[in-house]
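**Q** My questions will all concern the structure given below.
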Ligand code: 5GP
């Protein structure tokens, strides 16, 4: 028996509010070939989020311990909270030949580029800035100062589009997810 070929790592990035998690959950429901990494975060759990599904919610102390122990493949601070990708499950899945998808912000995507030059970096872009602004304000779960910080961050993130291998415009979640599935499928 031959060993499975190491699979490719795909990163989906783009500004918060662009709909990355909707695209990923559509893909999860429609394309079972792909394994989606569950990140750890120190941000508070939002209503409806299940621990271990959307994220693993951890304390700042636990997060710092994971960083110190080298347990995270990449990590970033975003709008005052920490986020990171647990290293071991990603490596296990890739070694087993399973395509892996990370849904992370731009700084994490840059770290992955350094670690794994073969990784495919996909940028999910909004149809327009006005549409992104509407989506960020419309979520209704965050305070005005959190929204203002996210808008400022989103402007910076949009400028990073040219660093990515592929750009998908999120005009429809189903279309964007299918495009992403085709890119991962090679
Ligand atoms: P949210 O708090 O809205 O769920 O996520 C905020 C941002 O953090 C989003 O852009 C999301 O893609 C990103 N993010 C989620 N998990 C990770 C991770 O493990 N690493 C990095 N670098 N960013 C992440």
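In the numbering used here, the protein residues as written are 12 to 197. Each residue gets a CB set at the ideal place from its N, CA and C atoms; glycine is no exception.
Going by other Cβ atoms of all chains shown within 10 Å of its Cβ, with 16 needed for buried, is residue 70 buried or exposed?
**A** Exposed: under 16 other Cβ atoms inside 10 Å.
**Q** Start and end of the alpha helix (DSSP H) containing residue 158?
**A** Counting along the chain, the alpha helix (DSSP H) containing residue 158 begins and ends at 155-169.
**Q** Of all Cβ atoms in chain C, is any one closer than 8 angstroms to the Cβ of residue 62?
**A** Of the protein chains in this structure there is only one, and it is not chain C.
**Q** If residue 52 sits next to residue 111, beta carbons under 8 angstroms apart, how far is it from one beta carbon to the other, in whole angstroms?
**A** At roughly 19 angstroms, the Cβ-Cβ gap does not stay under 8 angstroms, so residue 52 and residue 111 are not in contact.
**Q** Are residue 165 and residue 147 closer than 8 angstroms when you measure CB to CB?
**A** It is a contact, given that the beta carbons lie within the stated cut-off.
**Q** Pick out whichever of 135, 188, 182 has its Cα sitting closest to the Cα of residue 27.
**A** Closest option to residue 27, Cα to Cα, is 135.
**Q** Quick check: the Cα distance between residue 160 and residue 172, rounded to an integer number of angstroms?
**A** Each residue's alpha carbon lies about 20 angstroms from the other.
**Q** Is residue 59 near the ligand 5GP, going by C-beta to nearest heavy atom under 7 angstroms?
**A** No, since every heavy atom of the ligand 5GP falls outside the 7 angstroms radius drawn around the Cβ of residue 59.
**Q** Count the other CB atoms within 10 Å of the CB of residue 188; is the residue buried (16 or more) or exposed (fewer)?
**A** Its Cβ being crowded by 16 or more others within 10 Å, residue 188 is buried.
**Q** Please indicate yes or no: does the CB of residue 30 lie closer than 7 angstroms to some heavy atom of the ligand 5GP?
**A** Flag unset: Cβ of residue 30 not near the ligand 5GP.
**Q** Less than 8 angstroms between the C-beta atoms of residue 128 and residue 181, yes or no?
**A** No; because the gap between Cβ atoms is not below 8 angstroms, this pair is not in contact.
**Q** Based on DSSP bridge pairs, tell me the residues matched to residue 47.
**A** Answer by DSSP bridge pairing, in chain order: 112.
**Q** Could you give the residue range of the beta strand (DSSP E) that holds residue 94?
**A** Per DSSP, residue 94 belongs to the beta strand (DSSP E) from 92-97.
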